[in-house]
Amino acid sequence: NSSNREVTLLDYGAGNVRSVRNAIKKLGYTIRDVEKPADLVSAEKLIFPGVGSYGQAIRILSQKGLVGPLKDYIESGRPFLGICLGLQLLFEGSEESGGCEGLGIIPGAVTQFDTTLGLPVPHIGWNNISPTRGSVLLDGVGDRRVYFVHSYRATPSPANADWVLSTTQYGGEFVSTVNRGSVSAVQFHPEKSGPTGLDIIAGFLQPEEAVAARGRERAATPSPSSPAPAPAPNSPSSGPYGLAKRVIACLDVRSNDQGDLVVTKGDQYDVREKEGGRDVRNLGKPVDLAARYFEEGADEVAFLNITGFRDCVMEDAPMLEVLRRASERVFVPLTVGGGIKALTDSSGRSFSAAEVAAEYFRSGADKVSIGSDAVDAAQAYYARGGVPDGSTAIEQISAVYGKQAVVVSIDPRRVYVTEPAAVPHATVRTSKPGPNGEEFCWWQCTVKGGREGRDIGAVELARAVEALGAGEILLNCIDNDGVGKGFDLELVGAVSKAVTIPVIASSGAGSPQHFSEVFHSTGAAAALAAGVFHRREVGIEQVKKHLVEQNIPTRL
Ligand code: 1PR
């Protein structure tokens, strides 16, 4: 029966479900899309990946006449797997989108994470799940982490206790998996959770096969003979359990002088060889390198199209093709940056920033990273007296795709001053005085890959883009880029203190110790490196092992 290997997918068109499709295909299944209500009536196995905002999801589903048939499908008890918003929509309603009714299948409401606890919101990254009972869906997980991205969550209560299959800690306990009979839903993204996540989807699609495969795996593993114990339900999220500090591999991509798209890597942003014809340094092919980092255990992979500011992304077929192919092989989050802004192509056609981002999301990106345009946006925001007006790429993309999909990449350069009053920017007293003994510094933001400085500091930029709706900050540092002497801890410390969204420390990693150092001494949620990984000087596994030894929560 061919339908045994077919799954119905409810993609209501509000965002990227390409990675869910790729995961299903990787597991040997074909996909039938829901195009009309009758497709839900005839479905035998349904996956519902929720994307976008709660209100938007309910609105589109109602417009398409799908709310009733979806409820009927779930209530009939046929196999169902909801993902992320696909879990939240099963509850009675959500605070999101100014308050909104859900499908009302599970008692309880979805509320925002408490931002006053000092934890970054959104909850982004790899966290543990604590199962409440055994299940085919989660029995293969053990103490391995899964990938979450969300700002809202449902909480366990006596009324929904018979639904809750696992909980997770993040400033308190929230519901990470629900299940009753054949109906399940997960708050995390199994399609982005590496081999662990693929195993969870396999457990849904082919329960018998998954159980048999896990049995074979256990028999083949001499010790330990049983799966690792799940974390204690109340383990603190700051201990070795809980949200992991992420290790991200970054691929700076551009065309070389022969016109081939290559992974390159600069020193302080100069990507050309120091000698000879000053060719663009070539460190490998983008898709192969991304796949290598996935296999080596990178928690995320980022592509930065470093000449994106001068290309028209909508005409950049090679970069889009890189993403499409990478997303078939990389089952952890993919970020893409370079040239994300409103633009006009060579034929004079204009695209909004959200349309440009959409092209990347459709091609397999989970997040877009905005560089130069974010500096313009932040300067305009302050010029307006600190009032958002909805006009910027950050606001437009996060309104449609959620703030977790919008990263702002900052390219700052250190500027020394003799005293804080010398500049209108936030300064810090530095432990590395300047060339003339200056004891203070600030970090000037640049655009176009460091080519042009602007009169705004990294701390002010971070605050502005958070207010505009960015979900994460990728904090580079031109002075330290490619130098291998460690991250600029003062910069990372200052920016991570200034915002509540997660900060990714970048530039300067040269050893595993540099990673533990940045996590011990700053509030960074993730650390990113390029050169050391490309040149195989340090392995991702080696970094992870070191972090575990240092008692830093890490996904292995
Ligand atoms: O301005 O929106 O078009 O985005 C352009 C993007 O390209 C920005 O994110 C910007 O950071 C990046 N970029 C532009 N020029 C360069 C360059 O190197 N000439 N690369 C560049 C930025 C910094 C990191 C690097 C880390 C770690 N490279 O991406 O990977 O510094 O390196 P390391 O571990 O080797 O020290 P827009």
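Using UniProt numbering, you'd call the opening residue of the sequence shown number 40 and step up by one each time.
Even for Gly, the Cβ is constructed at its ideal location relative to N, Cα and C.
No experiment lies behind these values; they were computed from the predicted model shown.
C-alpha distance - residue i paired with residue j, whole-angstrom precision
{"i": "serine 190", "j": "leucine 300", "result": "36 Å"}
{"i": "glutamate 74", "j": "tyrosine 112", "result": "15 Å"}
{"i": "tyrosine 455", "j": "glutamate 529", "result": "13 Å"}
{"i": "valine 310", "j": "alanine 200", "result": "56 Å"}
{"i": "glutamine 127", "j": "alanine 341", "result": "28 Å"}
{"i": "leucine 282", "j": "asparagine 167", "result": "7 Å"}
{"i": "glycine 347", "j": "lysine 65", "result": "31 Å"}
{"i": "alanine 241", "j": "aspartate 306", "result": "44 Å"}
{"i": "serine 81", "j": "valine 46", "result": "11 Å"}
{"i": "proline 551", "j": "arginine 423", "result": "43 Å"}
{"i": "arginine 184", "j": "proline 229", "result": "10 Å"}
{"i": "aspartate 182", "j": "glycine 173", "result": "14 Å"}
{"i": "glycine 492", "j": "tryptophan 202", "result": "54 Å"}
{"i": "glycine 179", "j": "isoleucine 239", "result": "7 Å"}
{"i": "alanine 444", "j": "glycine 549", "result": "29 Å"}
{"i": "alanine 193", "j": "valine 214", "result": "6 Å"}
{"i": "serine 408", "j": "histidine 585", "result": "29 Å"}
{"i": "lysine 406", "j": "valine 426", "result": "25 Å"}
{"i": "alanine 271", "j": "aspartate 384", "result": "Low per-residue confidence applies at alanine 271: pLDDT is 42, beneath 50, and the placement is therefore not dependable enough to give any value."}
Residues near residue i by beta carbon distance below 8 Å, same chain, minus five either side
{"i": "arginine 502", "result": "Ala537 and Val538"}
{"i": "valine 580", "result": "The sequence shown places glutamate at residue 580, not valine. Excluding sequence neighbours, glutamate 580 sits near Glu335 and Gly336."}
{"i": "glycine 254", "result": "none"}
heavy atom of the ligand 1PR below 7 Å from residue i C-beta
{"i": "leucine 567", "result": "yes"}
{"i": "phenylalanine 348", "result": "yes"}
{"i": "tyrosine 399", "result": "no"}
{"i": "serine 386", "result": "no"}
{"i": "lysine 304", "result": "yes"}
{"i": "tyrosine 332", "result": "no"}
{"i": "leucine 343", "result": "yes"}
{"i": "glycine 488", "result": "yes"}
{"i": "valine 571", "result": "yes"}
{"i": "cysteine 289", "result": "yes"}
{"i": "alanine 548", "result": "yes"}
{"i": "aspartate 299", "result": "no"}
{"i": "isoleucine 409", "result": "yes"}
{"i": "isoleucine 145", "result": "no"}
{"i": "isoleucine 379", "result": "yes"}
{"i": "tyrosine 68", "result": "no"}
{"i": "valine 310", "result": "yes"}
{"i": "asparagine 515", "result": "yes"}
Supposed contact pair residue j and residue i - C-beta distance, whole angstroms, cut 8 Å
{"i": "threonine 485", "j": "isoleucine 517", "result": "7 Å"}
{"i": "leucine 100", "j": "tyrosine 51", "result": "6 Å"}
{"i": "tyrosine 186", "j": "valine 371", "result": "7 Å"}
{"i": "aspartate 412", "j": "lysine 380", "result": "4 Å"}
{"i": "phenylalanine 572", "j": "serine 546", "result": "The Cβ separation is near 13 Å, so there is no contact."}
{"i": "isoleucine 449", "j": "alanine 497", "result": "5 Å"}
{"i": "valine 531", "j": "alanine 417", "result": "No, valine 531 and alanine 417 are not in contact; Cβ-Cβ is about 19 Å, not under 8 Å."}
Cutoff 6 Å; reference residue i; Cβ partners in own chain excluding five residues on either side
{"i": "arginine 364", "result": "Val326"}
{"i": "lysine 110", "result": "Leu142"}
{"i": "arginine 453", "result": "Cys480, Trp482 and Asp518"}
{"i": "tyrosine 93", "result": "Ser133, Glu135, Ser136 and Cys139"}
{"i": "asparagine 55", "result": "Phe400"}
{"i": "aspartate 415", "result": "none"}
Same chain only: Cβ atoms within 7 Å of residue i, ignoring 5 sequence neighbours per side
{"i": "threonine 469", "result": "Glu478, Phe479, Cys480 and Glu529"}
{"i": "glycine 578", "result": "Glu335"}
{"i": "proline 246", "result": "Val175"}
{"i": "proline 159", "result": "Thr539, Ile540, Pro541 and Ala564"}
{"i": "valine 170", "result": "Per the sequence shown, residue 170 should be read as proline rather than valine. The residues are Leu177, Leu204, Ser205 and Ala269."}
{"i": "glycine 116", "result": "Gly220, Ser221 and Val222"}
{"i": "glutamate 339", "result": "Arg285, Ile287, Val371, Pro372 and Thr374"}
Pick from the options that is closest to residue i, judged by C-alpha positions
{"i": "valine 302", "options": "Arg453, Met358 and Asp178", "result": "Met358"}
{"i": "serine 294", "options": "Leu129, Glu140, Asp178 and Leu343", "result": "Leu343"}
{"i": "glycine 377", "options": "Thr150, Val447, Leu328 and Ser386", "result": "Val447"}
{"i": "valine 106", "options": "Ile495, Leu129, Ser221 and Gly147", "result": "Leu129"}
{"i": "glutamate 114", "options": "Val222, Thr207, Ala444 and Leu48", "result": "Val222"}
{"i": "glutamate 398", "options": "Pro427, Leu362 and Asn43", "result": "Leu362"}
{"i": "glutamate 434", "options": "Gly510, Pro463, Glu458 and Phe390", "result": "Gly510"}
{"i": "lysine 524", "options": "Val557, Asp450, Glu499 and Asp78", "result": "Val557"}
{"i": "alanine 566", "options": "Ser535, Glu576 and Arg574", "result": "Ser535"}
{"i": "arginine 317", "options": "Pro76, Asp296, Ile63 and Arg331", "result": "Asp296"}
{"i": "alanine 465", "options": "Glu314, Glu499, Ile436 and Ala444", "result": "Glu499"}
{"i": "cysteine 123", "options": "Val149, Gly547 and Gly211", "result": "Val149"}
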